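The structure appears below as structure tokens.
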Amino acid sequence: MASIGKAKSALALVGRVINEAVSFIVFSVLDLVDFLLCFLYKVADFFIEAEWKPCYCSSSKEAITSSGKILVSEQGESKIVCLSSTKLQLEEISDTLYTRPSLLSEVSKLTMKETKKGTVRSTFTVNSTIVEMLQGKIGGQQCHPIPRWSDCDCKFCTSWTSNSKETLYVRTEGPKDYKAQENVLFIHGFISSSAFWTETLFPNFSSAAKSSFRLFAIDLLGFGRSPKPTDSMYTLREHLEMIERSVLEPNKVKSFHIVAHSLGCILALALAVKHPLSIKSLTLLAPPYYPIPKGEQATQYVMRRVAPRRVWPVIAFGASIACWYEHISRTICLLICKNHRIVEFLTKLVTRNRIRTFLYEGFFCHTHNAAWHTLHNIICGTAGKMDKYLDVVRDHLKCDVNVFHGKDDELIPVECSYNVQSKIPRARVKVIEKKDHITIVIGRQKAFARELEKIWRNSSKSG
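Following full-length UniProt numbering, the numbering of the sequence shown begins with 1 at its first residue and continues without gaps.
Pasting the structure below:
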């Protein structure tokens with residue numbers, strides 16, 4: 001038996017060495033490919049109107065982007081001045097890693113003051129002609145309502161343009177008379193959509209639950225049928241404000257339960273902190289919470305944990321591409337999302353239509369802008385805030401907290417859920433055997449629907 005154990009350990013060591021070697025070779029090649037694609041995109045941007053131009057702003061002392069945004073770093077704190085169409089804003093972007101151009105308002109002068117070892121005054125003048133050129137009023141340029149890099153022209157991809165561009169797509173089920181009913185908000189994960197809930201859980205809720213609860217499943221900003229603004233940075237603030245504007249305010253929601261998956265768990269916690277008296281229960285599925293060791297830079301640490309640059313397992317390799325290689329992921333998104341009907345046909349042909357078709361909606365109907373910025377600004381950019389969010393939920397909220405995690409989850413390890421429990425001792429963690437990041441819901445939707453109904457009933461009684 002001892003010899004068998006030694007043999008297994010030796011094989012595991014050999015496997016790790018091979019994985020490291022292959023990973024080094026593969027990612028070295030990807031570094032070169034991403035550099036070449038970066039060059040090609042810059043050449044293309046020189047001749048055509050680019051969808052956006054990234055500007056890494058974590059260490060910039062002062063810079064002016066092509067859109068007129070001015071970045072300032074004061075003692076390690078990143079701030080940005082945005083010229084919007086309505087007013088001049090000063091917005092902290094400590095959770096924002098990248099910026100993009102946005103249209104300038106008709107502002108002729110901008111004065112910034114920075115106090116650091118004295119007072120420095122800098123004045124920038126924006127000519128009205130330049131403003132009109134940037135707005136597309138001169139030179140025949142038009143502002144495209146649909147991001148041209150990722151959307152195709154099919155009815156599904158452009159469905160959001162026929163609806164309100166100021167609110168998210170919301171799928172609602174339950175009684176229309178909201179006065180005496182309870183509410184549940186479902187928030188999907190990264191590169192997903194409301195269909196993750198509506199095609200699995202909604203049909204499996206009991207008639208009693210459907211008559212007692214109003215169910216709201218949203219497509220997050222930039223995903224599914226929701227708006228995909230090209231000038232958005234998809235920050236935490238933008239996502240939360242769109243949820244409030246699309247669900248809480250128009251439906252007069254005063255109290256509600258939250259069910260969130262993966263990336264959605266971060267938004268759920270932030271929403272709970274912002275509306276502490278309104279939350280009746282929190283149900284988190286595979287929350288990406290990584291406690292930051294002392295001396296580590298939060299965003300970079302989480303990026304290494306979420307995307308460790310490994311070729312195996314496949315889902316980790318995909319996360320590494322999406323997280324570290326902007327231009328490769330931009331190209332992949334262009335090829336897949338813009339030609340998704342062909343990809344869907346080939347996928348159905350190869351898999352003999354065994355993959356649930358609703359998963360296509362989340363995977364194909366997004367833009368590279370939405371995916372790239374949401375990944376960096378929410379999952380990685382809020383890493384330094386998660387401890388505070390969890391502390392507030394622990395100390396100031398009385399709602400039930402339930403955490404579910406698939407034991408075979410290769411993207412977000414089970415330890416993340418136990419980390420949440422260590423911060424919130426009252427949180428109940430349930431690890432599901434033989435389930436991963438997706439099958440924690442898909443494949444066990446009936447059982448999970450019953451579990452959710454029980455959580456809501458108990459929370460209502462205790463409340």
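The beta-carbon is built from N, C-alpha and C at its ideal position, and this holds for glycine as well. Here the structure is a predicted model, which is why all the values come from computation and not from measurement.
Residue i versus residue j - alpha carbon distance
{"i": "G264", "j": "Y289", "result": "12 Å"}
{"i": "P313", "j": "V170", "result": "34 Å"}
{"i": "I4", "j": "V343", "result": "45 Å"}
{"i": "V26", "j": "V311", "result": "8 Å"}
{"i": "L236", "j": "A7", "result": "49 Å"}
{"i": "I191", "j": "H368", "result": "10 Å"}
{"i": "F404", "j": "S417", "result": "8 Å"}
{"i": "M386", "j": "K155", "result": "38 Å"}
{"i": "A319", "j": "T439", "result": "18 Å"}
{"i": "H437", "j": "G443", "result": "12 Å"}
{"i": "I279", "j": "A286", "result": "20 Å"}
{"i": "K176", "j": "L185", "result": "15 Å"}
{"i": "S460", "j": "W372", "result": "38 Å"}
{"i": "N204", "j": "K446", "result": "6 Å"}
{"i": "R356", "j": "I432", "result": "21 Å"}
{"i": "L346", "j": "L359", "result": "15 Å"}
{"i": "T283", "j": "L375", "result": "21 Å"}
{"i": "L83", "j": "L221", "result": "For L83, the predicted structure reports a pLDDT of 30, less than 50, and the residue's modelled location is therefore unreliable. A value from the coordinates is still provided. For L83 and L221, the distance between alpha carbons rounds to 21 Å."}
{"i": "T351", "j": "R341", "result": "15 Å"}
{"i": "R457", "j": "V429", "result": "18 Å"}
{"i": "S23", "j": "Q181", "result": "53 Å"}
{"i": "V81", "j": "E453", "result": "Residue confidence is low: V81 scores 33 on pLDDT, short of 50, so the model does not pin down where it sits. Its coordinate-derived value is still stated next. Straight-line Cα distance between these residues: approximately 45 Å."}
Simplified DSSP state of residue i, which is helix, strand or coil
{"i": "H405", "result": "strand"}
{"i": "R214", "result": "strand"}
{"i": "I258", "result": "strand"}
{"i": "V273", "result": "helix"}
{"i": "S226", "result": "coil"}
{"i": "E244", "result": "helix"}
{"i": "K280", "result": "strand"}
{"i": "D45", "result": "helix"}
{"i": "V429", "result": "strand"}
{"i": "E249", "result": "coil"}
{"i": "T172", "result": "strand"}
{"i": "H239", "result": "helix"}
{"i": "L285", "result": "strand"}
{"i": "D400", "result": "strand"}
{"i": "A307", "result": "coil"}
{"i": "G443", "result": "coil"}
{"i": "D436", "result": "coil"}
{"i": "Q297", "result": "coil"}
{"i": "A383", "result": "coil"}
{"i": "I70", "result": "The predicted model places I70 with a pLDDT of 30, which falls under 50 and marks its position as unreliable; any figure quoted below should be read in that light. I70: strand per DSSP, three-state reduction."}
{"i": "S192", "result": "coil"}
{"i": "I292", "result": "coil"}
{"i": "I336", "result": "helix"}
{"i": "F39", "result": "helix"}
{"i": "F156", "result": "coil"}
{"i": "T167", "result": "coil"}
Check: residue i C-beta below 7 Å from any heavy atom of the ligand SAM
{"i": "D387", "result": "You won't find the ligand SAM in this model; it holds no ligand whatsoever."}
Counted within 10 angstroms of its Cβ, other Cβ atoms place residue i as buried (16 or more) or exposed
{"i": "E326", "result": "buried"}
{"i": "A449", "result": "buried"}
{"i": "S194", "result": "buried"}
{"i": "I218", "result": "buried"}
{"i": "G295", "result": "exposed"}
{"i": "G189", "result": "buried"}
{"i": "S207", "result": "exposed"}
{"i": "I455", "result": "buried"}
{"i": "H396", "result": "exposed"}
{"i": "A383", "result": "buried"}
{"i": "S102", "result": "Note that S102 has pLDDT 33, beneath the 50 cutoff, so the model's placement of it is unreliable and no number is given."}
{"i": "F364", "result": "buried"}
{"i": "D391", "result": "exposed"}
{"i": "P227", "result": "buried"}
{"i": "N19", "result": "exposed"}
{"i": "P308", "result": "exposed"}
{"i": "L349", "result": "exposed"}
{"i": "P229", "result": "buried"}
Residue range of the alpha helix (DSSP H) that includes residue i
{"i": "S320", "result": "V314 to W324"}
{"i": "N183", "result": "Unbroken run through N183 is the beta strand (DSSP E), E182 to I187; no alpha helix (DSSP H)."}
{"i": "E344", "result": "H340 to T351"}
{"i": "D391", "result": "M386 to H396"}
{"i": "M233", "result": "M233 -> no alpha helix (DSSP H), and no H or E assigned at all."}
{"i": "T198", "result": "A195 to T198"}
{"i": "L359", "result": "F358 to F364"}
{"i": "N377", "result": "Counting along the chain, N377 falls outside any alpha helix (DSSP H), and DSSP gives it neither H nor E."}
{"i": "N204", "result": "Counting along the chain, N204 falls outside any alpha helix (DSSP H), and DSSP gives it neither H nor E."}
{"i": "V414", "result": "It is not in any alpha helix (DSSP H) - V414 carries neither H nor E in the DSSP assignment."}
Any chain C beta carbon closer than 8 Å to residue i
{"i": "D219", "result": "As a matter of chain content, chain C is missing from the structure shown, which is built from one protein chain."}
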